[in-house]
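See below for the structure under consideration.
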Amino acid sequence: MLRLITLRFLETIFRNYRLYILILGAALLAAPAIFFLIPPNYQVRGTVYVQRDSLLTSLSDVTQVTQYTSPSQATLSEVVSLIYTDSFASDVLKETSLRNNVLAEGRFRERALRDYRDAMMVMAEGVNIVVFVATHPDPVLAQQMVNETMNAYVDWRLTFERTDSEVARDFFADLIVRYEEDLARAERSLFDYLMLYPDPIRGARPSEEVFEINRLQSLVAQAANRLADAKDKEENARLSLAKVNSEALQRYLVIDSPAIPTQPPSLLRRAIFVFGGFLAGGFFLILAHIALLMLFDRGLYFPTDVQYGLNAPTLAMVPLIQHRSSSNMRVSSSSLSDPGATGAAGAVSPVKS
């Protein structure tokens, strides 16, 4: 079977070698055009250190939540999701040189958002490191994209946590007002009952009065516990709101600020990448064409095809007939026009006894 595959492979190459040379030549001709016509891309990086548990959080921890993902992975997931939202991407681009395109409607805005998403890439390195990378032909715009994406994410995170804390604070503040009213009503009911049924001068209270007093005291205790719990949670919400801004500098620390690149990318590396990519694409097309011909083209059969296809031995082969040379054809034509020459040429020598 290996011999058959080898024969098919070589036969396909030698039958179509002109086409394969043409493909490689076209790839080599297209590579310089791409190299000189398309401008090089500049790459800008920015690194942020993310720390979910700061010193302030450990000293004033409100809730204990088990983290199943590292801070960098959680931040990466949030940033990637935000980049693909029009609101976040628009807020980022409004601080860059693409501001006018974003404020415009229609295809200009859509193209600006698409270019931003194609240029940005976010990676998580280790447990606490998040890397923001932008690749764009304009080095200034690439630096703006990285810088504004980092700032926009930190602002979004702070706004999200601040809003969450404010909602919790307002919610528990409303609960406190209602719980205070419930406690006041329960205490008033107990006071009114005691005024209506004071302690007897002699003997003990009846069992009905004792039961009712215990019930009213239980209602007062429940209302007081609910009020105390609501006040504790409101205090936690106020603490969370107060520490959001103070904690930001500890939780998100910029290690490497994005800088505008002053040197263009390496021409040698770019040339290797462009020419190598086109050559690889050309070889891929050639191999795909060879594979298709080996599978479906049966214009020429080998004896091995009969052996593996029909499981039978080869009995005979049609010989290849070579074309006569032009000189032999001229001799044959002259002999046909001259009968004497034909007779002389066609004379048979006597047979020896």
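Just remember that my numbering sits 1247 ahead of the position in the sequence shown, which is counted from 1.
Cβ coordinates follow ideal geometry from the N, Cα and C atoms, glycine included.
Item, Value
"Ser1324, buried or exposed, once every other Cβ within 10 Å from all chains shown has been counted against 16", "exposed"
"Identified DSSP bridge partners for Tyr1289", "His1383"
"For Val1369: DSSP bridge partner residues", "Phe1379"
"Close beta carbons around Ile1502, own chain, < 8 angstroms, minus the five adjacent residues each side", "Thr1294, Val1295, Tyr1296, Ile1376"
"Straight-line gap, Ile1260 to Pro1386 (C-alpha atoms, nearest Å)", "46 angstroms"
"Integer-rounded CB distance, given that Ala1389 should sit under 8 angstroms from Val1291", "4 angstroms"
"Alpha-carbon spacing of Gly1373 relative to Glu1408, whole angstroms", "25 angstroms"
"Boundaries of the beta strand (DSSP E) in which Leu1500 is found, first to last residue", "1499-1503"
"DSSP state of Ala1415 mapped onto helix, strand, coil", "helix"
"Reduced DSSP secondary structure (H/G/I, E/B, other) of Thr1406", "helix"
"Cβ-Cβ distance between Ala1366 and Ala1351 below 8 angstroms", "no"
"Helix, strand or coil at Thr1396 according to DSSP, with G and I counted as helix", "helix"
"Inter-stretch contact (C-beta, 8 angstroms, three-pair minimum) for the segment 1267-1279 and the segment 1518-1538", "yes"
"Residues that Thr1294 bridges to, as DSSP identifies them", "Val1378, Asp1503"
"Neighbourhood of Ile1507 by C-beta, 7 angstroms cutoff - its chain only, sequence neighbours within 5 removed", "Pro1386, Val1387, Gln1390"
"Proximity to Leu1488 [Cα-Cα], best of Ser1334, Tyr1444, Glu1413", "Glu1413"
"Assigned secondary structure, Gly1528 (DSSP; H/G/I helix, E/B strand, else coil)", "helix"
"Exposure label - Ala1607; buried when at least 16 CB within 10 Å", "Past the edges of the chain, shown from 1248 to 1600, lies residue 1607, and the structure says nothing about it."
"Nearest candidate by alpha-carbon position, reference Phe1418, set Glu1482, Phe1458, Asp1439, Trp1403", "Glu1482"
"Segment contact flag, the segment 1339-1356 with the segment 1427-1435, C-beta cutoff 8 angstroms, min 3 pairs", "no"
"Candidates Phe1379, Val1424, Asp1362: closest to Met1370 by CA position", "Phe1379"
"Start-to-end residues for the alpha helix (DSSP H) that takes in Ile1330", "1318-1330"
"Coil, strand or helix - Asn1263 by DSSP", "coil"
"Best match in Asn1472, Leu1437, Arg1473, Ser1344 for proximity to Leu1463 [C-alpha to C-alpha]", "Leu1437"
"Counted within 10 angstroms of its Cβ, other Cβ atoms place Met1442 as buried (16 or more) or exposed", "exposed"
"Close Cβ partners of Asp1362 (< 8 angstroms) along its chain, the five nearest in sequence each way excluded", "Leu1345, His1383"
"For Arg1364, the three-state DSSP class (helix, strand or coil)", "helix"
"Three-state secondary structure (DSSP) of Tyr1426", "helix"
"Leu1345 (DSSP reduced to helix, strand or coil)", "coil"
"4 or more residues per run - each alpha helix (DSSP H) lying fully within the segment 1439-1504", "1454-1498"
"Nearest residue (CA-CA) to Ala1420, options Arg1250, Ser1328, Ile1330, Lys1478", "Lys1478"
"Opening and closing residue of the alpha helix (DSSP H) in which Ala1351 lies", "Where Ala1351 is concerned, there is no enclosing alpha helix (DSSP H), given that its DSSP letter is neither H nor E."
"Cβ-Cβ distance between Ala1336 and Arg1356 below 8 angstroms", "no"
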